[in-house]
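Following UniProt numbering, the numbering of the sequence shown begins with 1 at its first residue and continues without gaps.
All C-beta atoms in this analysis are idealised placements derived from N, C-alpha and C, irrespective of residue type, glycine included.
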Amino acid sequence: MSLADLLAQSRTLTTHLSKPDLPQIHLGLDQIENQSKKLVHKQRGDIDSRAHYLLASGGLNASDLSSKIFNVNSNLNSTFEPLQPLHDNDVQGYLRHDYEQTIISAIEEGRRDTLNDFHDNLATNMQTSWDKRKAAIFEELGQHATGIAPTMDYLPESSLSASVHASIPSTSLAMNTRMNSYVNVVKKLNEYRLQGYNYGLISEFANVAKSLSTTDSRSNQVHDCWNLLASSLREKSVVNGEFQRAALSEREYAHAYLFESVESESARNLRTMWTNGSKRFLEHQFLKYIEKIIVQNPSQAQVGGVPLIQNKVRGFLNVKYRKNGGWSDPKIEIISGQPIWAMLFTLLRTGHAQEALELATESEEALGKTEREFVPYFKAWLDSPDQRLPKQLRDRFMSTYNTRIRFAAESGSIDPYKHALYKLVGRAELSRRNLPSVTNTTEDWLWLQLSLVRESSPGEDTPSESFGLRELAGLLLKFGEKHFDPKGNNPIKYFTVLLLCGQFERAVGYLYNNLQYQVDAVQFAVALSYYGLLRAPEKSHTSEIELLTSDANGQPALDFARIIHRYTRIFARSDPQEALQYLYLICLNSDAPQPISRQQIALCHAYIKDLVLETRSYAHLLGEVKPDGTKTQGLIERDLKLIKLDDERDYLLNIVKSAASRAELEKRTKDAILLYNLAEEYDVVVTVLCRELGASLSVNPAPQNDDIFDLARGILDHYKRDARIAHRVSQKNRETVGVLLRLKEALTLYEQSQLDAALSTIEDVKLIPLNGDVISITRKSEEFKDLDESISRNLSDVLLITMNILFKIHANLKESPFGDSSRQNKMSQLRAKARTLMMFVGLLRFRISSDVLQQLSRLDVMMV
1 MSLADLLAQS
11 RTLTTHLSKP
21 DLPQIHLGLD
31 QIENQSKKLV
41 HKQRGDIDSR
51 AHYLLASGGL
61 NASDLSSKIF
71 NVNSNLNSTF
81 EPLQPLHDND
91 VQGYLRHDYE
101 QTIISAIEEG
111 RRDTLNDFHD
121 NLATNMQTSW
131 DKRKAAIFEE
141 LGQHATGIAP
151 TMDYLPESSL
161 SASVHASIPS
171 TSLAMNTRMN
181 SYVNVVKKLN
191 EYRLQGYNYG
201 LISEFANVAK
211 SLSTTDSRSN
221 QVHDCWNLLA
231 SSLREKSVVN
241 GEFQRAALSE
251 REYAHAYLFE
261 SVESESARNL
271 RTMWTNGSKR
281 FLEHQFLKYI
291 EKIIVQNPSQ
301 AQVGGVPLIQ
311 NKVRGFLNVK
321 YRKNGGWSDP
331 KIEIISGQPI
341 WAMLFTLLRT
351 GHAQEALELA
361 TESEEALGKT
371 EREFVPYFKA
381 WLDSPDQRLP
391 KQLRDRFMST
401 YNTRIRFAAE
411 SGSIDPYKHA
421 LYKLVGRAEL
431 SRRNLPSVTN
441 TTEDWLWLQL
451 SLVRESSPGE
461 DTPSESFGLR
471 ELAGLLLKFG
481 EKHFDPKGNN
491 PIKYFTVLLL
501 CGQFERAVGY
511 LYNNLQYQVD
521 AVQFAVALSY
531 YGLLRAPEKS
541 HTSEIELLTS
551 DANGQPALDF
561 ARIIHRYTRI
571 FARSDPQEAL
581 QYLYLICLNS
591 DAPQPISRQQ
601 IALCHAYIKD
611 LVLETRSYAH
621 LLGEVKPDGT
631 KTQGLIERDL
641 KLIKLDDERD
651 YLLNIVKSAA
661 SRAELEKRTK
671 DAILLYNLAE
681 EYDVVVTVLC
691 RELGASLSVN
701 PAPQNDDIFD
711 LARGILDHYK
721 RDARIAHRVS
731 QKNRETVGVL
741 LRLKEALTLY
751 EQSQLDAALS
761 TIEDVKLIPL
771 NGDVISITRK
781 SEEFKDLDES
791 ISRNLSDVLL
801 ITMNILFKIH
811 ANLKESPFGD
821 SSRQNKMSQL
831 RAKARTLMMF
841 VGLLRFRISS
851 DVLQQLSRLD
861 VMMV
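Here it is, written out as structure tokens:
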């Protein structure tokens, strides 16, 4: 049959229905093929019966599997079928269906890509976070392992202070040459601060970097950064306290930077000063570059015998643009044989504005009729303190710029240096601040941006004219590190960029994260903090990992205290005195807003206590008490002004006593005793001694426990001899320590089998009643509750030892071959003492362990 016959026959299939007006179903070839396959699958009889038996023998239901496979195929086949049947000639329907399927596929692919990107980013972030955490952990572990811990000798001498010594190596093994050079500057800084002198800190750090540049190429770049700071802050070097009036004072800029609103006049003035200083640095740097080019190309430069700045600029432009007797760039406008516009711009670029004005004035006629009016604009712009044209002049200037200069620049028919000068003078088109023809380097581009920066008061400029240092910083932060240092091999470049735009916290934080520059980063943090240009975070805003965080106002803040603490941990054990000099600097932030000020002082004191306890350099750091009772000052006590303590009492309370409390909590009892003694807390010394003696009192004491008893005897002897101290120790503590020492003596005699002497000593202590009536025994039991805990905790052991002494003496007498009456009387006395002891135990049975009670009862029964 032909296809036409099949079609005619198919149309007769519905003639027998009662509703011949039903719509006909038109299927395409693909749909017919699909329906045919479904009919084939419905023919269950075609399945080979042998296959059924084979699968059934393996435990599989062939019919059930066939139904499931059929359902899956049906669902899959119908997934991408059109909702409405498509005719073979329905092109629009096919295209619509294909378009819908393309959209669905794109959505699915986008979802899959998004999911993959999410997992990739999650893995990257987790790895980055782990790397930071791992670096912090390794840094901490490495710092703990650095240096050799000094040893201590606790052997008692005539006084407590003489019983502890710490040896400190005179030469540091942990500090390298770079660190040693910087720490000498910090020492001198603290000396000046103690004497009330200002100090040119940045200049001194710059000298160190310069001296190191002969052996370390990195120091050249670091030296340039110090010069940038000195230029921007207008710092002048101070030598031996001279030129005090010209020197910057400690925390010179703290008020404007830390306390004032960013929109305040003082904050704007600070940003303006920094902008001008950054420009000066870039100008001076560019001038050195010009001089270098001239020296390298003397024949092309043709400077002549008079090295005036105009001649240098002309020579530089000759090297740059003159080739074979002509000018290589046709856009450069040559006036009277000179590239006037290029020279004017280059003079500004090197910081010679007055020379540029003189050249413009001399060339006014040569500039021609169209550009002659530029000179008065240029002069008015340079004469303005904030380089702002008066409104009337600016309106005329912008009219000229919009009618001639802008269109010429867009068509490329203008000298690029002329365009740059017009843009600078009028701050024109601030939304288009990039001039690639004249800003070939990062430094050139930054200089142009800084030249366009203007700190205006709120409402002074329109939004289109507003472009300050903060806006420039936001732009540079968007570019990020990768833009300025794509290969990651020159971190000092991005550090310089951040400094130029006044991002001090971010700059130091970024540099500190580069291991090879960490030492330098710490010194930059010190210098900026010294002048008040580093925000410290409030404690609630600090992070355990990140040093750079934000304060309550969203401004960047750097954890200066933690940077200093981490740095000093490197050499704290080998050079505690040098570490102390850096820790003093944390209190530079003592004038910060509250509660930051209070928290920074507390951190400084806490880190100093850590240093004292870790290094145990008590004599050097805290001082000591001589055998004759005289006290010598330590380094910390001499420098109280630097850590914001008013007098010796504050020092003893906040540093020495606090360190002693820490040592006591950490179970460093001997350190605690020494520190409490230095803090003149003599009664507390005896209290700690009592607690330690009570803990060390045992039947079989460890050999090292004997030291504490020897130390206690030495302390008590010293306190008894010094009337000034004796009256400051409470009667109860004196009695308690006396009892513990006598008990220790008794236990020692017992261990040496000197039983009679041991028993006599225990009776002398009068802690346990061995003689007396019921009333005296009862009174003694009632006194038990008033005993110090260091004694009461050992009562069970003392009772058991006493009973053992009685039993052993009784047994020795019993086994003696001599049977005189005195022996019998002594045995009776021993039994009486044992009964008295058991009566006392009976009154305290709820305070004594059942095991000890059983042993006591057994020994008592055996004494017959």
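> What residue does the beta strand (DSSP E) around E624 start on, and which one ends it?
Replying inline: As a first step, residue 624 is located in the sequence shown; it is residue number 624 there, counting from the start. Per DSSP, the continuous beta strand (DSSP E) segment holding E624 begins and ends at G623 to V625.
> How far does the beta strand (DSSP E) with Q387 in it reach, from first residue to last?
Replying inline: In the sequence shown, counting from the first residue as 1, residue 387 sits at position 387. For Q387, no beta strand (DSSP E) segment is defined, and its DSSP state is neither H nor E.
> Going by alpha carbons, who is nearest to L500 out of L452, P390 and L446?
Replying inline: Here residue 500 corresponds to residue number 500 of the sequence shown, with the count starting at 1. It is L446 whose Cα lies nearest to the Cα of L500.
>> By DSSP's criteria, Q824 is part of a beta bridge. Which residues make up the other side?
In response: Working through the sequence shown from its first residue, we reach residue 824 at position 824. DSSP output for Q824 lists no bridge partner at all.
> In chain order, what residues of the same chain lie with their CB nearer than 8 Å to the CB of R845, ignoring the 5 residues before and after it?
Replying inline: Position 845 of the sequence shown holds residue 845. Contacts found: L853.
> What is the DSSP secondary structure of L3, counted as helix, strand or coil?
Replying inline: Within the sequence shown, residue 3 is the residue found at index 3, counting from 1. Three-state result, L3: helix.
>> Using only the alpha-carbon positions, how far apart do Q577 and R569 sit?
In response: Translated into the one-based positions of the sequence shown, residue 577 becomes position 577. Translated into the one-based positions of the sequence shown, residue 569 becomes position 569. One C-alpha to the other measures close to 12 Å.
> Which one of F345, G337, K379 and T346 has the shortest CA to CA distance from L357?
Replying inline: In the sequence shown, the residue the question calls residue 357 occupies position 357. That would be K379, whose Cα lies nearest to the Cα of L357.
> Where DSSP assigns a beta bridge to R11, which residues make up the other side?
Replying inline: Residue 11 sits at position 11 when you count from the first residue of the sequence shown. Paired residue(s): none; R11 is not in a bridge.
> Is M862 helix, strand or coil by DSSP?
Replying inline: For the purposes of this step, residue 862 is taken as residue 862 along the sequence shown, with counting starting at 1. In the structure shown, M862 sits in a helix (DSSP, three-state: H, G or I).
> Taking just the CA atoms, how far does G532 sit from Y253?
Replying inline: Mapped onto the sequence shown, residue 253 falls at position 253. Mapped onto the sequence shown, residue 532 falls at position 532. Y253 and G532: Cα-Cα distance of roughly 5 Å.
> So F504 and L528 are in contact, right, with Cβ under 8 Å, and what is the actual spacing, rounded?
Replying inline: Taking the first residue of the sequence shown as position 1, residue 504 is located at position 504. Taking the first residue of the sequence shown as position 1, residue 528 is located at position 528. About 5 Å separates the CB atoms of F504 and L528; that is less than 8 Å, so the two are in contact.
> Hey, quick one: how far does the beta strand (DSSP E) through T496 stretch, first residue to last?
Replying inline: Here residue 496 refers to the residue found at position 496 of the sequence shown. DSSP places T496 in no beta strand (DSSP E) but in the uninterrupted alpha helix (DSSP H) bounded by P491 to L500.
> Hey, quick one: how far does the beta strand (DSSP E) through T632 stretch, first residue to last?
Replying inline: Taking the sequence shown and counting its residues from 1, the one referred to as residue 632 is at position 632. Where T632 is concerned, the enclosing beta strand (DSSP E) stretches over K631 to Q633.
> Excluding sequence positions up to five away, which residues of its chain have a Cβ less than 7 Å from the Cβ of R728?
Replying inline: For the purposes of this step, residue 728 is identified with residue 728 of the sequence shown, where counting begins at 1. Here the set comprises Y682 and D683.
> How would you call E371, buried or exposed, if buried means at least 16 neighbouring beta carbons within 10 angstroms?
Replying inline: Walking along the sequence shown from the start, residue 371 turns up at place 371. With 16 or more other CB atoms across the displayed protein chains lying within 10 angstroms of its CB, E371 is buried.
>> Per DSSP, what are the beta-bridge partners of L548 in this structure?
In response: Sequence index remark: in the sequence shown, residue 548 carries index 548 (1-based). According to DSSP, L548 bridges with L558.
> How many Å lie between L693 and L740 at the Cα?
Replying inline: As a working note, residue 693 is residue 693 in the sequence shown. As a working note, residue 740 is residue 740 in the sequence shown. Distance between the alpha carbons of L693 and L740 is about 7 Å.
>> Beta-carbon within less than 6 Å of S328's beta-carbon, same chain only, minus the 5 sequence neighbours each way: which residues are those?
In response: For the purposes of this step, residue 328 is taken as the residue at position 328 of the sequence shown. Same-chain partners within the cutoff: Y321.
> Under three-state DSSP, which class holds N677?
Replying inline: Here residue 677 corresponds to residue number 677 of the sequence shown, with the count starting at 1. Correct three-state label for N677: helix.
> If you draw a straight line from the alpha carbon of S167 to that of V612, how long is it in whole angstroms?
Replying inline: On the sequence shown, position 167 is the one that residue 167 refers to. On the sequence shown, position 612 is the one that residue 612 refers to. The predicted model places S167 with a pLDDT of 33, which falls under 50 and marks its position as unreliable, so this point remains unresolved.
>> Only counting the same chain, and skipping five residues up and downstream in sequence, which positions put a Cβ closer than 7 Å to that of S170?
In response: Position 170 of the sequence shown, counted from the first residue, corresponds to residue 170. Residue placement at S170 is flagged as unreliable, the pLDDT there being 36, under the threshold of 50; the coordinate-derived value follows with that caveat. Hits under 7 Å: none found.
>> Between the alpha carbons of I294 and F316, how many angstroms are there, rounded?
In response: On the sequence shown, position 294 is the one that residue 294 refers to. On the sequence shown, position 316 is the one that residue 316 refers to. Rounded to the nearest angstrom, the two C-alpha atoms are 6 Å apart.
>> Tell me which residues share the same chain as E651 and place their Cβ nearer than 8 Å to its Cβ, disregarding the 5 neighbours each side in the sequence.
In response: Locating residue 651 in the sequence shown gives position 651, counting from the first residue. Looking at the sequence provided, one finds Tyr at residue 651 rather than Glu. The answer, listed in chain order, is I636, E637, L640 and L645.
> DSSP on R234, reduced to helix/strand/coil?
Replying inline: What you label residue 234 is simply residue 234 of the sequence shown in a count that begins at 1. The three-state reading of DSSP puts R234 in coil, since its state is none of H, G, I, E or B.
>> In the DSSP output, which residue or residues are listed as bridge partners for Q338?
In response: By 1-based counting over the sequence shown, the position of residue 338 is 338. Per DSSP, I335.
> Among S264, N276 and S249, which one has its Cα closest to the Cα of A256?
Replying inline: The sequence position of residue 256 within the sequence shown is 256, counting from 1. If we check each option's Cα against that of A256, S264 comes out closest.
> Does the beta-carbon distance from L547 to L534 come in below 8 Å?
Replying inline: Position 547 of the sequence shown holds residue 547. Position 534 of the sequence shown holds residue 534. Their beta carbons are not under 8 Å apart, which means L547 does not touch L534 by this criterion.
> Considering only residues of the same chain and omitting the five flanking positions on each side of R518, which have a CB-CB separation below 7 Å?
Replying inline: Here residue 518 corresponds to residue number 518 of the sequence shown, with the count starting at 1. Note that residue 518 is Gln in the sequence shown, not Arg. Within the same chain, Q518 has close Cβ partners Y512.
>> Once the 5 residues before and after residue 873 are set aside, which same chain residues still bring their CB inside 6 Å of it?
In response: Residue coverage of the chain in this structure runs from 1 to 864, which leaves residue 873 outside it and unanswerable.
> Between which two residues does the alpha helix (DSSP H) containing I202 stretch?
Replying inline: Reading the sequence shown from its first residue, position 202 is the one you call residue 202. Boundaries of the alpha helix (DSSP H) harbouring I202: L201 to L212, taken from the DSSP string.
> Closest to T275 by CA distance: which of Y192, E544, S451 and V319 is it?
Replying inline: Numbered from 1 along the sequence shown, position 275 holds the residue referred to as residue 275. Of the candidates Y192, E544, S451 and V319, the one whose C-alpha sits nearest the C-alpha of T275 is S451.
> Are the CB atoms of M827 and D860 nearer to each other than 8 Å?
Replying inline: Translated into positions along the sequence shown, residue 827 becomes position 827. Translated into positions along the sequence shown, residue 860 becomes position 860. It is not a contact, given that the beta carbons lie outside the stated cut-off.
>> Give me, in chain order, the residues of the same chain whose beta-carbon lies closer than 7 Å to that of S781; leave out the 5 immediate sequence neighbours on both sides.
In response: Translated into the one-based positions of the sequence shown, residue 781 becomes position 781. F840, L843 and L844.
>> Buried or exposed for V685, going by 16 or more other Cβ atoms inside 10 Å?
In response: Translated into the one-based positions of the sequence shown, residue 685 becomes position 685. Note on V685: 16 or more other CB atoms within 10 angstroms of its CB, so buried under the neighbour-count rule.
> Mind checking whether A536 and F560 have CB atoms under 8 Å apart?
Replying inline: Within the sequence shown, residue 536 is the residue found at index 536, counting from 1. Within the sequence shown, residue 560 is the residue found at index 560, counting from 1. Yes, the pair counts as a contact, with Cβ atoms nearer than the cut-off.
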